[in-house]
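Chemist: The opening residue of the sequence shown carries number 14 in the working numbering; numbering runs sequentially from there. Glycine residues also receive a C-beta, built at the ideal position from the N, C-alpha and C atoms. As the structure is a prediction and not an experimental result, all values here were calculated from the model.
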Amino acid sequence: MRTLKNLMLFAIFALMASNAFAQGTVKGTVVEAKTNEPLPGADVIVVGTTKGVATDFDGNFVLEVPAGNQKIKISFVGYDSKTIAVVVKEGQTTDMGKIVLSPNASSLDEVVIVGVADIAKERQTPVAVSTMKAAEIQERIGTKELPEVLNYTPSVYATKRGGGFGDARINIRGFDQRNTAVMINGMPVNDMENGWVYWSNWAGLADVTSAMQVQRGLGSSKLAISSVGGTINVLTNSADKKKGGAIAATFGNDNYMKFSAAYNTGLLENGLSASVLLSRFSGDGYVDGTKGEGYTWFLSIGYKLNDKHNLMFTATGAPQWHNQRYYAPKLSDYIKYGGVDGEPNIRYNSDWGYLNGEEFSWRRNFYHKPVSSLNWEWKINDASKLSTVLYGSWGRGGGTGPIGKINGKKYYYGTFKTDEGTIDFDNIIKWNSGGDVPAYGAPRTLDADGYYTNDRSHGFTRRASMNSHDWYGLIMNYHNDLNDNLSFDAGIDGRTYSGYHYRVVNDVLGADRYFDNRDRNNPNRYIEPKDFVEANPSWNPFIDITGQQKIEYYNQGNVRWLGGFGQVEYKTDVFSAFIQGGFSNQQFQRIDYFNLPRDVDGDGVEEPQASDWVSLNGGNIKGGLNYNINEQHNVFVNAGYYSKQPLFRAVFPNYTDNKVNEGLKNETVQALELGYGFKNEHWNLKLNGYLTSWKDRFAQVSAMLDPDNDPTTPEVRGTARLYGIQEIHKGLELESRAKYGPVKIYSMISVGDWSYSGNVTAPFVDENNDPIPGETHTLYLDGVKVGDAAQFTSRFGVNYTPVKGLYLDINQFYVDNLYAKIDAISFNHPDHKGSLKLPAYSLVDASVTYKFDVKKVGKITTRFSVNNLFDKHYISESDTNKFANPGDDTWNGINTSNRVFFGWGRSWNFSVKLKF
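#1: Could you tell me whether the Cβ atoms of A833 and S891 are closer together than 7 Å?
#2: What's the call for W365, buried or exposed, on a 16-neighbour Cβ count within 10 Å?
#3: What's the call for A259, buried or exposed, on a 16-neighbour Cβ count within 10 Å?
#4: Which residue comes first and which comes last in the beta strand (DSSP E) that contains Y566?
#5: Measure from the alpha carbon of N830 to the alpha carbon of each residue in R808, A802, G847, then state which is nearest.
#6: Could you give the residue range of the beta strand (DSSP E) that holds G111?
#7: For V125, name the three-state secondary structure that DSSP assigns.
#8: With DSSP run on the structure shown, which of helix, strand or coil describes Y510?
#9: Can you find the residues in the same chain that come closer than 8 Å, C-beta to C-beta, to P950, ignoring five residues on each side of it along the sequence?
#10: State the CB to CB distance for the pair K173 and W917, rounded to an integer number of angstroms; the pair is presumed to be in contact (CB under 8 Å).
#11: Compare the Cα-Cα distances from E619 to each of V627, W626, L609, D836 and report the closest residue.
#12: Figure out for me which residue from T193, F264, I762 has the closest Cα to the Cα of T244.
#13: On the three-state DSSP scale, how would you describe L163?
#14: Please list the segments of the beta strand (DSSP E) lying wholly inside the region 720-764, counting only runs of 3 or more residues, in order along the chain.
#15: Express the C-alpha separation of K885 and S500 in angstroms, rounding to a whole number.
#16: In angstroms with no decimal places, state the Cα-to-Cα distance between V75 and E45.
#17: In the DSSP assignment, what residue or residues form a beta bridge with E694?
#18: Along the beta strand (DSSP E) that carries Q83, what are the first and last residues, could you check?
#19: Report the option in R876, D483, Y887, T42 whose CA atom is closest to the CA atom of K926.
#20: Which of helix, strand or coil does DSSP assign to V925?
#21: Work out the CA separation of I540 and V764 for me, nearest whole Å.
#22: If you reduce the DSSP assignment to three classes, tell me which class F34 lands in.
#23: Under a three-way DSSP split, which group does S597 fall into?
#24: Which same chain residues, not among the five before or five after F34, have their C-beta less than 6 Å away from its C-beta?
#25: Going by DSSP in three states, Q713 sits in which element: helix, strand or coil?
#26: By the three-class DSSP mapping on this structure, what secondary structure does W212 have?
#27: Out of F915, L851, V870, S920, which one is the CA nearest neighbour of F883?
#28: Can F429 and P550 be called in contact, C-beta distance under 7 Å?
#29: Per DSSP, what kind of secondary structure is T193 in: helix, strand or coil?
#30: What does the alpha-carbon distance come out to for the pair N198 and S223?
#31: According to DSSP, simplified to helix, strand and coil, what is V913?
#32: Quick check on Y347: does DSSP put it in helix, strand or coil?
#33: What are the start and end residues of each continuous alpha helix (DSSP H) run of 4 or more residues lying completely inside the region 267-314, in chain order?
#34: Return helix, strand or coil for A147, following the three-state DSSP convention.
#35: Alpha carbons only, please: which of Y424, Y339, L280, G355 is nearest the one belonging to L324?
#36: Quick one: Cα of K692 to Cα of W484, how far?
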């Protein structure tokens, strides 16, 4: 019996073993539906087992599976999974062919941290949109700034500004950063006082970006934000992304070095997950005197309580310092200092010099602006969910600059420059400390206490203008699917912000101390060396600023924001439409700690330091529809109206008091957009047309007037408050991608016509707001071109893969109809020449990428890039608007007295990344 039992067990074991070892192979290629491009890193798993692989860089996979009927599941973050039944024969390979994954209903929602980010979906959301994912961003970033990567998309013009690390700026459809909403995971980051975005505060954002989407025009965000030109939504890494890590290094021109390390735990059995990153960069800068150093830290911790509740805490920051080319030099100085044969020295910088043999600059930016958020997603039931984000941001830092005079002359006089055009800091220190510098005139003398004391009129000092803030916000969004086609959203957006603005002493450059008498409440103070503030970022965002000895000014801007929004959306496979509306109340308050309390009006009553709160309402309504004609063609239309509250400076237009602008009006924006899309196996094409009206803008002009034309009577100071300034922005945009075998073709073209419309006239009023008889001011703006952005851009690029893992890339970026920056209030004569058109330019970038697997180690990517391959010299922007007259010196037709910034010449970078 025992023998028989053993034989039976052996037979069963043999049968099981034969089945277990009966193996076959499946293979295939995973691509995305939108572009037909490979999806590297997609998961391919045999259903019911732990057997699986990830696709390689070209989307290919090969997987051994048990013979017989099997189900293979293919999944990728942000895409609908597919489960495919296959019959696997022993010893044979089954080719599953091309497997196409489509973006799921939430598209990039799985990449987003959870919650409130409004992500547009192609062929569904009726807005003009371009999306770049992490791999594409990392390939293109190199030594560029994050906004510059968006130059690959239509109607975007991003430059390095002065060329220092983090000094980039961006325009979309002719609107600057104050009117372009920038959001991180759906949270607004535009400064709540001036609307600006300082990219140096986000120096390492590209390291933690999963995707970046540009919605041009009013966009699909439900918040009542300043998306006149467009919305940039940056989506950071999620803690529950796939387990693994990466280390990377980048090297570039001018001693640029960057190192980073990141790791993700993946979702653990206890429901926790974490993602961390730390990076550091340093470099001398392409532009002379623009050294910099910075770090990026990122932490994301997730906790999945159950199937209904998901929590995610995220925090990131980028403490950095960098020297700047802050002041745009005259074109003639670029030629004078280091230029050759009339060609400019495009690296020239007038803000720096050497101090004891080391680089030293008047202009040094230092800042740390960490932002953190706690996201909670509650799946109430199968039809509804509540997404909530509580966030905070704490900015500490500022920027340095010169203050003071030597024998009545300010720092920019040629007296204080070397023959090379740099600042002679060694001689400045010599004079400040009592030494004799004949070129500076009379030597300084000791004060009554026996010290060399600097102040705003004696000696040169490097001061720091500090702009710190505390910002807290809450966004809640309730979503409900009424049925398979109809849904609605409703939510609130609350924010509170305090900005602290003052100056401190950083370096008295050889003197003993600094004297300040600008604080009316605490005059005649001496600032001693122990009270000087270093120009380095603080890693502690909660550092106490109240004890810092302040000079020149000290005021605080408070802003409160409370908004509500709602949206109704209808969608089928063929048709989708939405209508949404938002309302916001903004409240503004200014506190002046130096100039108040005092008798502002001469009525014997001291004004309080804090103004009353000024309350302004605004909102928007917008809607659109998309129609998918068939699987290849779709069309869309959207329109909107936006009543936009003015910025803080328009509410309190004066620097020295809390007077509120009388008759304040909201700016109004009206927009209309049409679009067409086409895609097939090889092509993806998008064509858009837009018309945007931005009006009721505010400008203020002050002047000394003589209304009675009597020179014996005193002049009267008058102020003209000009409302009704209007800009019209219209244009066409074309964007396409194509793929034929190993060749990919990228192209875009944008043609804009951005001009002022109509003239504006306003009466002058006196300090009591009474009209001054016969005195008016007119701005002759009708037809003047909007400046500071290119109205024509195009790009054409080719990516070629000659062998597996090797990618060759070249692209050309062309700019035309670029006009100088203009100030609307300077057009006060009808015979002006309009906006100065700058020379067109064309840039070529090229790169080589090689990717390969290392067994038991991971995947390695190497990349070598050259930007501006042919070393083109070009003016990227001009801060002045001076036309050339007969006899004036010119460069490429531009008057050399204009103050301009040149873009970088040829630059290079090499990177290597190991992903494990």
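Modeler: Working from what's here:
#1: In this structure, A833 places its C-beta atom within 7 Å of the C-beta atom of S891.
#2: W365 should be labelled buried.
#3: A259 comes out buried.
#4: 564-584 is the span of the beta strand (DSSP E), which, as asked, contains Y566.
#5: Selected option, being the one with the closest Cα: A802.
#6: The displayed chain sequence assigns Lys, not Gly, to residue 111. In the DSSP assignment, K111 falls within the unbroken beta strand (DSSP E) covering 106-114.
#7: Because the pLDDT at V125 is just 38, under 50, the model does not fix this residue reliably, and the value given afterwards should be weighed accordingly. The DSSP-derived three-state label of V125 is coil.
#8: Of the three classes helix, strand and coil, the one that applies to Y510 here is strand, per DSSP.
#9: The structure shown does not extend to residue 950, since the chain spans only 14 to 929, so no value can be given for it.
#10: Indeed, because the Cβ distance is near 6 Å, the residues count as touching under 8 Å.
#11: Taking only the C-alpha atoms, the option nearest E619 is L609.
#12: Comparing Cα positions, the closest option is T193.
#13: Under the three-state reduction of DSSP output, L163 falls in the helix class.
#14: If only uninterrupted beta strand (DSSP E) runs of at least 3 residues are considered, those enclosed by the region 720-764 are 729-753.
#15: Computed Cα separation, rounded: 52 Å.
#16: Taking the straight line from one Cα to the other gives about 18 Å.
#17: Answer is none; E694 lacks a bridge partner.
#18: Q83 -> beta strand (DSSP E) spans 81-88.
#19: Nearest option by C-alpha distance: R876.
#20: In the structure shown, the three-state DSSP call for V925 is strand.
#21: Their backbone Cα atoms lie some 55 Å apart in a straight line.
#22: Reliability of the predicted coordinates at F34 is poor, the pLDDT of 48 falling under 50, and the value obtained from them is presented with this limitation in mind. Coil.
#23: Three-state DSSP puts S597 in a strand.
#24: Note that F34 has pLDDT 48, beneath the 50 cutoff, so the model's placement of it is unreliable and the number below is only indicative. Beyond the five residues adjoining it in sequence on each side, F34 comes within less than 6 Å, by CB distance, of no other residue in the same chain.
#25: Three-state DSSP puts Q713 in a strand.
#26: W212: helix per DSSP, three-state reduction.
#27: F883 has its Cα closest to that of S920, out of F915, L851, V870, S920.
#28: Going by C-beta atoms, F429 is not nearer than 7 Å to P550.
#29: Assigned with DSSP and collapsed to three states, T193 falls in strand.
#30: N198 and S223: Cα-Cα distance of roughly 10 Å.
#31: Strand at V913.
#32: Looking at Y347 - three-state DSSP - the assignment turns out to be helix.
#33: For the region 267-314, not a single whole alpha helix (DSSP H) run of length 4 or above is found.
#34: Note: A147 maps to helix in three-state DSSP.
#35: That would be L280, whose Cα lies nearest to the Cα of L324.
#36: So the alpha carbons of these two residues sit roughly 43 Å apart.
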